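Numbering (the working numbering), first residue to last: 6 to 809.
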């Protein structure tokens with residue numbers, strides 16, 4: 006294996022310029038992740054030069070092949086530190102017939118070693134790394150990452166950050182669902198249900214392929230990924246429904262129970278047969294709400310209903326304030342088309358209303374809510390109606406709580422956000438725009454495509470500067486509906502006592518009748534001086550500082566001012582000045598940037614008419630068909646906007662980011678309320694009463710394994726110096742986390758849980774010019790097998806195998 010001399014790096018994690026260092030040995034290959042020219046042996050490659058070592062044949066070429074091998078090895082060694090080099094034998098679409106590779110590699114190893122100038126061997130990454138480490142060489146340090154990267158002047162690989170946004174959302178949604186399902190599988194214990202989450206585990210693993218969730222596979226391949234996810238999720242859904250039947254039954258029996266739970270995967274387009282049924286005079290709609298987070302949690306639930314007169318009660322029979330909001334026409338149209346496309350059935354008319362109420366659920370537990378027609382004097386109808394407000398003043402102010410947003414009645418555009426409690430008051434505008442996709446030009450044929458983002462010009466087109474506005478007010482939520490165009494619709498929701506705005510967008514079908522590909526963004530412009538600086542998350546963990554038109558390692562020649570400043574965002578991004586932090590969290594992986602000071606822009610959807618010549622072989626032009634009616638794909642999603650005073654945004658980003666990733670899991674059934682209460686456990690938690698995880702800790706994994714052990718991963722959510730209160734060493738009491746079980750054995754492992762931590766070998770690398778002698782990173786100490794208290798330092802993840 007080989008590397009350019011100055012591209013062997015020790016990566017050092019250095020959050021917020023602190024001296025916390027976690028070394029990772031890494032590299033970039035000289036050309037590609039393939040062997041040198043002439044040493045590929047794919048069976049269908051007509052340029053293949055096999056090693057012919059049969060002297061009786063005229064094409065005997067051992068000496069020539071050995072000389073070529075040695076020359077290629079020496080050329081690579083001349084640009085590589087130490088005398089160990091790596092050849093990665095293979096590439097994309099290779100090893101269709103592995104024997105052609107291994108027959109030739111066997112011959113090369115034999116004859117090259119007989120020659121003696123170079124020693125060749127089959128190796129592994131660990132053998133190679135050990136050899137590099139044993140050389141006692143010093144290595145240069147790289148503190149930043151490789152984003153954004155390009156392989157030519159106009160070919161920045163920043164388009165795939167957003168490509169296939171609905172598939173990205175599908176993967177993200179089922180990632181959170183899978184986490185919750187595994188917890189429920191653990192809670193129900195080892196029973197006849199078995200490990201029912203494995204079917205989704207397999208599909209999720211396949212979807213992590215670098216041409217799957219990235220959005221860079223062909224359409225029929227992406228369809229196959231989606232189908233596998235759907236089939237796997239359906240099996241898990243059945244398992245979760247049965248497990249909840251067991252858990253909520255006071256006798257902990259499953260088979261004899263008449264309760265049948267259902268879930269609603271298409272709830273985002275208002276399709277939920279369980280909740281749309283007309284309410285019975287004898288039965289209530291029972292909603293079991295499971296909370297996969299380790300904190301007690303209060304959040305709002307929205308379910309589609311048809312009845313105008315409904316009461317919501319909690320598990321102890323107390324009336325819960327609720328609100329009805331009419332289902333908009335855009336959602337109704339989406340429901341009609343996509344239920345037919347996805348399920349193959351013609352759905353009934355869209356439900357009339359969303360029923361909104363607030364649910365409070367204990368950590369890693371559930372609570373039950375009952376929805377029925379109100380009877381008697383117990384229900385007084387408090388806070389039940391919502392009102393549609395037509396703008397009449399110059400400024401429309403919305404928000405039932407301390408957080409407010411104001412909109413221009415004339416243009417329909419957002420003007421400012423302010424919070425009466427925190428004292429935040431920030432002028433801010435939001436709009437939708439689109440970049441024209443380049444199809445190449447006379448100077449460079451590079452087109453925008455699934456991988457590449459190449460806008461035709463740096464100034465995007467505004468979708469609309471004047472937006473029709475509809476405002477809905479209520480005791481729990483205010484909504485602002487904005488129709489930016491026939492294919493861009495947005496609803497902004499401000500919930501009572503929430504410190505952020507929830508923004509739901511519906512984009513599509515993106516029109517291409519004009520033969521122009523379009524890459525659609527939302528842009529927020531705030532009155533902030535940000536000095537070309539913004540912050541994006543790194544795989545949902547560290548937030549990294551980004552500086553526009555700047556790279557730490559070299560003097561950047563700006564050839565693509567927009568695409569060259571786009572970064573991947575999985576959790577969120579923010580900007581900050583001397584007064585405020587403006588943060589946005591996302592519900593799927595996207596590409597985003599800050600092209601001008603005070604601005605944040607997020608690419609939400611893209612549709613192109615040309616391929617970018619990076620291997621997909623077809624344009625990114627997603628179409629959904631119902632019979633002969635084919636439409637461009639519509640993307641619906643949500644992002645969340647928060648403004649805090651400087652230094653106070655991290656807590657919201659970290660804690661609400663967990664809620665975005667792990668929403669409530671909802672299951673529905675219809676039961677007679679009194680009878681249900683007589684044999685059910687309406688509310689419970691895995692944890693001890695009054696215990697929850699600290700705000701800076703999340704359970705990443707809780708999973709039953711085949712061998713009878715349980716896999717547990719705990720993660721510290723904050724990075725060093727990010728927050729004065731939460732970027733500290735914290736403790737988790739496992740006795741209280743698993744309050745209803747007894748831990749008899751605990752073993753700490755490495756992150757992948759295939760090696761005991763006590764058996765791990767840590768390599769300390771010599772670093773070029775490293776003179777820093779700062780404090781050691783804050784890490785948790787060994788776990789006492791009796792006390793069972795786990796410590797976690799900032800950004801630390803610890804993994805354990807438990808026996809109960």
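A virtual CB, placed ideally from N, CA and C, is assigned to each residue, including glycine. Here the structure is a predicted model, which means the values were calculated and not measured.
If only complete runs of 4 or more residues are kept, the stretch 552-615 shows no alpha helix (DSSP H) anywhere.
Beta-bridge pairing by DSSP links residue 529 to 435 and 605.
Note that the stretch 542-558 touches the stretch 144-161; at least 3 beta-carbon pairs, one per stretch, sit closer than 8 Å. When DSSP assignments are scanned along the stretch 255-313, the uninterrupted stretches of beta strand (DSSP E) that are 3 or more residues long and fall wholly within it turn out to be 289-296 and 302-310. Relative to residue 217, the option among 108, 539, 138 and 594 whose CA is nearest is 594.
Cβ-Cβ separation between residue 458 and residue 642: approximately 19 Å, too far for a contact (criterion under 8 Å). Cα atoms of residue 362 and residue 284: separation of roughly 17 Å, rounded to the nearest angstrom. When the five nearest sequence neighbours on each side are left out, the beta carbons in the same chain lying within less than 6 Å of the beta carbon of residue 460 are those of 440 and 567, in order along the chain. Using a Cβ distance threshold of 9 Å, residue 695 and residue 721 do not count as a contacting pair.
Short of 6 Å from the beta carbon of residue 753, and not among the five residues preceding or following it, lie these beta carbons of its own chain, in chain order: 762 and 805.
Rounded to the nearest whole angstrom, the C-alpha separation of residue 609 and residue 689 is 39 Å. Counting only runs of 3+ residues, the beta strand (DSSP E) found wholly inside the stretch 611-649 occupies 628-631 and 634-637, in chain order. Pairwise C-beta distances place the stretch 624-644 out of contact with the stretch 151-158, as fewer than three of them are shorter than 8 Å.
Between the beta-carbon of residue 468 and that of residue 490 there is about 5 Å, and that keeps the pair under the 8 Å contact cut.
Residue pairing by DSSP puts residue 488 in a beta bridge opposite 494. Here the stretch 185-194 lies against the stretch 245-259, with 3 or more beta-carbon pairs under 8 Å apart.
Per DSSP, the beta bridge partners of residue 670 are 295. Per DSSP, reduced to three states, the secondary structure at residue 653 is coil, with no helix or strand assignment. Annotated three-state conformation of residue 91 is coil, per DSSP. Between the alpha carbons of residue 102 and residue 49 lies a distance of about 9 Å.
Restricting attention to 681, 297 and 340, the CA atom closest to the CA of residue 278 is found in 340.
Under the criterion of beta carbons closer than 8 Å, residue 331 and residue 354 do not qualify as touching, at roughly 13 Å. With 16 or more other Cβ atoms inside 10 Å of its own Cβ, residue 443 counts as buried. The DSSP assignment places complete alpha helix (DSSP H) segments of no fewer than 4 residues inside the stretch 655-732 at 655-666 and 678-684, in order along the chain.
A Cβ-Cβ distance of about 7 Å is found for the pair residue 310 and residue 281, placing them in contact under the 8 Å criterion. Shown here for residue 475: same chain residues with a beta carbon closer than 6 Å to its own, the five before and five after excluded, namely 486 in chain order. Here residue 318 is buried. Its C-beta has 16 or more other C-beta atoms within 10 Å. In the DSSP assignment, residue 108 falls within the alpha helix (DSSP H) that extends over 103-120.
The alpha carbon of residue 200 has as its nearest neighbour, out of 210, 211, 209 and 188, the alpha carbon of 188. Taking C-alpha positions only, residue 379 is separated from residue 324 by approximately 10 Å.
Across the set 115, 473 and 91, the C-alpha of 91 shows the shortest separation from the C-alpha of residue 129. In the structure shown, the three-state DSSP call for residue 506 is strand. Of 375, 321 and 477, the smallest CA-CA separation from residue 677 is found for 375. In this chain, the alpha helix (DSSP H) harbouring residue 342 covers 334-348. With respect to the 9 Å criterion, residue 329 and residue 675 are not classified as neighbours on the basis of their beta carbons. Annotation for residue 501: 405, 406 and 481 place their beta carbon closer than 6 Å to its own, counting only its chain and skipping 5 residues before and after.
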